[in-house]
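Here our numbering is used: the sequence shown runs in plain steps of one and ends on residue 90. Just so you know, even glycine gets a beta-carbon here, dropped at the ideal spot from N, CA and C. Owing to the predicted nature of the structure, the values given are computational and were not obtained by experimental measurement. For reference, the structure discussed in these notes is given below.
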Amino acid sequence: MKNAMQLKGIIKNMAAKTGIKANALLQNYMLERLLERISVSEY
């Protein structure tokens, strides 16, 4: 992702296609990114 506005647009488009609320999609994305960052962390 390049910036927050681009992410917001992608989430909004996905919400329109899938019928899932944008907040739920954004939360899912953020949690997946957090888990990815933790998995590659040395700690």
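According to DSSP, simplified to helix, strand and coil, what is residue i?
i	result
Glu83	helix
Tyr90	coil
Lys49	coil
Ile58	helix
Lys64	helix
Measuring CA to CA, which of the options is closest to residue i?
i	options	result
Met61	Leu73, Met52, Arg84	Leu73
My guess is that residue i and residue j are in contact by the Cβ rule of under 8 Å, so how many angstroms apart are they, rounded?
i	j	result
Ala69	Lys59	6 Å
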